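Numbering (the working numbering), first residue to last: 2 to 203. Report on the structure given below.
And the structure:
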């Protein structure tokens, strides 16, 4: 799967316009926030400032280009093992440099410790290559599990964000399902396991 295909899948996964007051990113369309558009100087309405109306006017083509340039090429995800790139790319869109920090922490568990700074340089890239050569697909699964754990910890700390991890009916929310898309089925939680994990949320 190439970067364009991954970007297209992320756009499809992110969905259309949302302006949820509990979402730290604010107004979002296809996963692109008002803040990102402002930082990149993308003014869709032509008035020289970025507002919610500019977010609404964003196209899928705009979003895919932003993802390729800002969330794949700029953080140098292309230096990672090919099989790992889709999940790290998707997480970079969703959680910024935390995506790389999660990977760097995980590499230590595979006896490849690197500096946890959220940046992919030669050391992180080479460590990821060595870990993948030893563990193969399991490294990809382990990264997806680490993503899921990140979301759980975030929801543990911030009750207002739990609605992104749990639906109104108590089943897996978007964050958890998103992480589990990138892992083998045997590592996905059953609904019973999920219910046990979140029972402290009330």
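Where a beta carbon is used, it is the ideal one built from N, C-alpha and C, also for glycine. Quick caveat, the model's predicted, so the values are computed rather than measured.
Residue 151: first and last residue of the uninterrupted alpha helix (DSSP H) it sits in | On the chain shown, residue 151 is found 150 positions in, with the first residue counted as 1. In the DSSP assignment, residue 151 falls within the unbroken alpha helix (DSSP H) covering 138-158.
C-beta contact flag for residue 145 and residue 106 at 9 Å | One-based indexing of the chain shown puts residue 145 at position 144. One-based indexing of the chain shown puts residue 106 at position 105. Against a cut-off of 9 Å, the Cβ pair of residue 106 and residue 145 comes out as no contact.
Cβ separation of residue 152 and residue 99, assumed to be a contact under 8 Å, to the nearest whole Å | If you number the chain shown from 1, residue 152 lands on position 151. If you number the chain shown from 1, residue 99 lands on position 98. At roughly 11 Å, the Cβ-Cβ gap does not stay under 8 Å, so residue 152 and residue 99 are not in contact.
Buried versus exposed call for residue 160 [16 or more other C-beta atoms within 10 Å across all chains shown] | Here residue 160 refers to the residue found at position 159 when the chain shown is read from its first residue. Residue 160 is exposed by the Cβ-count criterion.
Inter-stretch contact (C-beta, 8 Å, three-pair minimum) for the segment 52-59 and the segment 105-123 = no
Quick one: is residue 73 buried, meaning 16 or more other Cβ sit within 10 Å of its Cβ, or exposed?
-> Your numbering for residue 73 matches position 72 in the chain shown. With 16 or more Cβ atoms within 10 Å of its Cβ, residue 73 is classed as buried.
Check whether the Cβ atoms of residue 17 and residue 30 sit closer than 9 Å, and answer yes or no.
-> In the chain shown, counting from the first residue as 1, residue 17 sits at position 16. In the chain shown, counting from the first residue as 1, residue 30 sits at position 29. Residue 30 is positioned such that its CB atom lies closer than 9 Å to that of residue 17.
Among residues of its own chain, excluding the 5 on either side of residue 91, which ones have a beta-carbon nearer than 6 Å to its beta-carbon?
-> The residue given as residue 91 occupies position 90 in the chain shown. 11.
How would you call residue 1, buried or exposed, if buried means at least 16 neighbouring beta carbons within 10 angstroms?
-> Because the chain spans 2 through 203 in this model, residue 1 falls outside it and cannot be assessed.
Identify, in the order they occur along the chain, each residue of the same chain with its Cβ nearer than 6 Å to the Cβ of residue 88, setting aside the five sequence neighbours on each side.
-> Taking the first residue of the chain shown as position 1, residue 88 is located at position 87. Closer than 6 Å at Cβ, skipping near neighbours: 144, 145 and 183.
What residues match up with residue 33 in a beta bridge as DSSP calls it?
-> Numbered from its first residue, the chain shown carries residue 33 at position 32. Paired residues: 30.
Measure the C-alpha to C-alpha separation of residue 119 and residue 57 and round it to an integer number of angstroms.
-> Your numbering for residue 119 matches position 118 in the chain shown. Your numbering for residue 57 matches position 56 in the chain shown. Spanning the two alpha carbons is a distance of roughly 30 Å.
For residue 173, write down the residues that DSSP places opposite it in a beta bridge.
-> For this step, residue 173 is matched to residue 172 along the chain shown. BP columns for residue 173 point to 167.
Using a threshold of 9 Å, state whether the C-beta atoms of residue 115 and residue 128 are closer than that.
-> Here residue 115 is taken as the residue at index 114 of the chain shown, counted from 1. Here residue 128 is taken as the residue at index 127 of the chain shown, counted from 1. It is a contact, given that the beta carbons lie within the stated cut-off.
Could you tell me whether the Cβ atoms of residue 1 and residue 197 are closer together than 9 Å?
-> Within the shown structure, residues of the chain are numbered from 2 to 203, placing residue 1 beyond reach of any answer.
Does the beta-carbon distance from residue 14 to residue 32 come in below 9 Å?
-> Here residue 14 corresponds to residue number 13 of the chain shown, with the count starting at 1. Here residue 32 corresponds to residue number 31 of the chain shown, with the count starting at 1. In contact: residue 14 and residue 32 (Cβ atoms closer than 9 Å).
Which residues DSSP lists as bridging residue 19, in chain order = Within the chain shown, the letter at position 18 stands for residue 19. DSSP output for residue 19 lists 29 as bridge partner(s).
Just the Cα atoms here: how many angstroms apart are residue 162 and residue 154?
-> In the chain shown, counting from the first residue as 1, residue 162 sits at position 161. In the chain shown, counting from the first residue as 1, residue 154 sits at position 153. Going by the C-alpha atoms only, they are around 11 Å apart.
Leaving out the 5 sequence neighbours to the left and right, which residues in its chain are closer than 6 Å to residue 28 when beta-carbon positions are compared?
-> Within the chain shown, numbered from 1, the residue matching residue 28 stands at position 27. Only 20, 35, 53 and 56 meet the Cβ criterion.
Once you ignore the five residues that flank residue 59 on each side, which residues in its own chain have a CB closer than 8 Å to its CB?
-> As a first step, residue 59 must be located in the chain shown, where it is residue number 58. Cβ neighbours of residue 59 beyond the five flanking positions: 30, 31, 33, 38, 43 and 45.
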